[in-house]
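The working numbering numbers the first residue of the sequence shown as 244 and each following residue consecutively. Okay, structure first, notes after.
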Amino acid sequence: NHGERVLAFADYRLPLHKYPAGYQFDCDTINFHVNPYFEHFNFPTNGLRFLGLISLIDPPRVNVDEAVKKCRTAGIRLLMITGDHPLTAAAIARSTGIITDYSTTEQLIENVFDNNARSCVIHGSILKTMTKQQLDNLIKYHQEIVFARTSPQQKLIIVETCQRLGEIVAVTGDGVNDSPALKKADIGIAMGITGSDVSKQASDIILLDDNFSSIITGIEQGRIIFDNLKKSICYTLSSKIPELAPFLFYMIFQIPLPLGTIAILCIDLGTDMLPAISLAYERAELDIMKRPPRDAKREHLATDRLISMSYGQLGMIQAGGGFFVYTVVMAENGFLPSRLFGLRKSWDSRSINDLEDSYGQEWTYEQRKALEDTCHTAFFVTVVIVQWTVLLCCKSRRNSLFRQGMS
């Protein structure tokens with residue numbers, strides 16, 4: 244039950260006249276496929292003297308158990324598929340945390356058709372007799388599964404079953420026998436050191452250090468990149484509403500232009516670019532590996548939630564702040580909000596140099612344009628200042644800044 248391979252050793256003193264020097268022993272007769280009844284050997288098989296037993300184990304790599312724990316907290320299911328004996332497979336699965344049920348291996352084998360059981364070990368011979376529905380139920384209801392004594396075709400069937408259930412499947416392997424499963428999987432990962440050339444050609448990724456923990460590190464880095472891209476997109480899109488809204492109000496309500504094109508270019512090329520780039524280098528959020536995997540069919544980079552956050556909340560706040568400052572500057576100079584509506588043609592006319600404000604003061608064209616430039620500056624500065632707070636909002640999508648920190 245420790246998952247070790249046991250080798251028995253024995254010796255036999257061969258008579259020299261019967262087995263002279265250079266005698267050819269037919270070792271192929273030991274092979275079950277060549278000699279299924281283990282008979283007609285050209286060397287003695289009885290009367291051997293027993294010498295002892297040696298147990299061997301190929302231990303899991305260091306930190307594999309920690310990587311398995313990370314998989315569980317990240318919502319990633321692990322299925323162990325091996326050609327080893329069920330006893331060996333179950334022992335290794337327990338030592339790495341793939342199976343947390345410490346029932347006997349016999350009980351785990353009996354759990355195959357018990358949908359209420361959490362863990363099970365299934366032999367390839369049993370898998371061969373199962374229907375599609377039974378295999379679907381097996382993977383659907385059992386959280387911890389070890390497949391032992393499996394053939395290459397059965398590995399392929401397991402991958403196809405997981406995909407049929409809507410799962411994104413990643414397969415690791417190093418041998419020629421793993422190639423069909425590696426090719427069929429959504430992500431095939433071959434071993435770079437011990438992997439065969441065939442398995443490397445069939446895979447999508449080659450693991451250079453043959454360390455399972457590196458896969459988990461790669462998943463974490465992928466989540467960080469995806470997370471940071473969403474933050475950068477959210478921040479960049481948020482400034483489009485305060486850039487577009489002034490022109491809409493300018494055309495629809497015929498008010499003097501609140502924000503100029505030069506100021507918009509300064510926002511896009513100045514205050515947008517560097518913060519957006521910096522968000523791409525944000526460190527991982529504390530719960531990055533505690534979230535369930537995203538739904539690849541629904542959750543894309545620009546989701547409805549992100550767009551509503553960028554345009555509907557952050558963008559509206561920036562636009563609202565800009566228009567507030569715009570009306571304050573205009574009101575302080577004599578143009579109350581009610582006077583601004585429908586004023587655009589007169590405001591932009593070079594021939595009108597006696598345009599009256601709300602208090603009857605007359606404004607020349609040059610004076611109006613100077614006031615308009617002041618409004619542009621006020622609107623621009625307001626958007627930039629609000630963008631600082633938007634940047635802080637985008638730094639962490641889920642956690643509080645007090646918890647996440649500013650680094």
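Glycine included, each C-beta is placed from N, C-alpha and C at the ideal position. No experiment lies behind these values; they were computed from the predicted model shown.
{"query": "Who are the near neighbours of E605 in its chain, counting only those whose CB is closer than 7 Å to its CB and skipping five residues on each side?", "result": "D597, L598 and E599"}
{"query": "Within 10 Å of its beta-carbon, does Q561 have 16 or more other beta-carbons around it, so buried, or fewer, so exposed?", "result": "buried"}
{"query": "Straight-line CA distance for I449 to G461?", "result": "12 Å"}
{"query": "From this set, F356, V364, C363 and V389, which residue's C-alpha is nearest T374's C-alpha?", "result": "F356"}
{"query": "Given a cut-off of 8 Å, decide if L529 and N471 are closer than it, judged by their beta-carbon atoms.", "result": "no"}
{"query": "Less than 6 Å between C-beta atoms, sequence neighbours within five positions excluded: which residues of the same chain meet that for I436?", "result": "D453"}
{"query": "I need the boundaries of the alpha helix (DSSP H) containing S456, first residue and last residue.", "result": "F455 to S481"}
{"query": "So who's on the other strand from F566, going by DSSP bridges?", "result": "None; F566 has no bridge partner."}
{"query": "Can you give me the C-alpha to C-alpha distance between I467 and V249, rounded to a whole angstrom?", "result": "45 Å"}
{"query": "Considering only C-alpha positions, which residue in the set K427, G648 and F252 is nearest to G416?", "result": "K427"}
{"query": "Report yes if the CB atom of I335 is closer than 8 Å to the CB atom of G246, and no otherwise.", "result": "yes"}
{"query": "Between which two residues does the beta strand (DSSP E) harbouring F390 extend?", "result": "E387 to A391"}
{"query": "Tell me which same chain residues have a C-beta within less than 6 Å of the C-beta of F252, skipping the five on either side of it?", "result": "L294 and G295"}
{"query": "Would H385 be called buried (16 or more neighbouring beta carbons within 10 Å of its own) or exposed?", "result": "buried"}
{"query": "Give the single residue among A527, S589 and S601 whose Cα lies nearest to the Cα of Q647.", "result": "A527"}
{"query": "What number of angstroms, rounded off, separates the C-alpha of V629 from the C-alpha of Q610?", "result": "29 Å"}
{"query": "Within its chain, find whatever has a CB closer than 6 Å to the CB of N354; leave out the 5 residues flanking it on each side and keep chain order.", "result": "A360 and C363"}
{"query": "Once you ignore the five residues that flank G585 on each side, which residues in its own chain have a CB closer than 7 Å to its CB?", "result": "Q497"}
{"query": "Closest by CA to T617, which one among R641, D429, N576 and D511?", "result": "N576"}
{"query": "Tell me which residues share the same chain as R304 and place their Cβ nearer than 7 Å to its Cβ, disregarding the 5 neighbours each side in the sequence.", "result": "N454 and F455"}
{"query": "I want to know whether the region 342 to 352 touches the region 386 to 403 - three or more CB-CB distances under 8 Å.", "result": "yes"}
{"query": "Does DSSP put I411 in a helix, in a strand, or in coil?", "result": "coil"}
{"query": "Considering C363, what are the terminal residues of the alpha helix (DSSP H) in which it resides?", "result": "Counting along the chain, C363 falls outside any alpha helix (DSSP H), though it belongs to the beta strand (DSSP E) covering S362 to H366."}
{"query": "Name the residue from T393, L381 and T288 whose alpha carbon lies nearest to the alpha carbon of H328.", "result": "T393"}
{"query": "Hey, how far is the Cα of T372 from the Cα of I365?", "result": "11 Å"}
{"query": "Quick check on DSSP: helix, strand or coil for E196?", "result": "Since the first residue shown for the chain is 244 and the last is 650, residue 196 is missing from the structure and cannot be characterised."}
{"query": "In this structure, does DSSP put F584 in helix, strand or coil?", "result": "coil"}
{"query": "Of all the options I531, L557 and A264, which has the alpha carbon lying nearest to the alpha carbon of L635?", "result": "L557"}
{"query": "What does DSSP give as the partner residues of G326 in its beta bridges?", "result": "Looking at the DSSP assignment, G326 forms no beta bridge with any residue, so it has no partner."}
{"query": "Compute the distance between the beta-carbons of S481 and V311, then report whether it is under 8 Å.", "result": "no"}
{"query": "Buried or exposed, going by whether 16 or more other CB atoms sit within 10 Å of the CB of C270?", "result": "exposed"}
{"query": "How far does the alpha helix (DSSP H) with F622 in it extend, from its first residue to its last?", "result": "Y608 to K638"}
{"query": "Taking all protein chains shown into account, decide if F623 is buried (16 or more other Cβ within 10 angstroms of its Cβ) or exposed.", "result": "buried"}
{"query": "Taking the C-alpha atoms as reference points, what is the distance between D254 and Y262?", "result": "15 Å"}
{"query": "Provide the residue span of the alpha helix (DSSP H) that contains R646, from first to last.", "result": "L644 to Q647"}
{"query": "Just curious, the beta strand (DSSP E) that P515 is in, first and last residue?", "result": "The residue you asked about is not Pro; residue 515 is Asp in the sequence shown. Taken as a continuous stretch (DSSP letters only), D515 belongs to no beta strand (DSSP E), as it is neither H nor E."}
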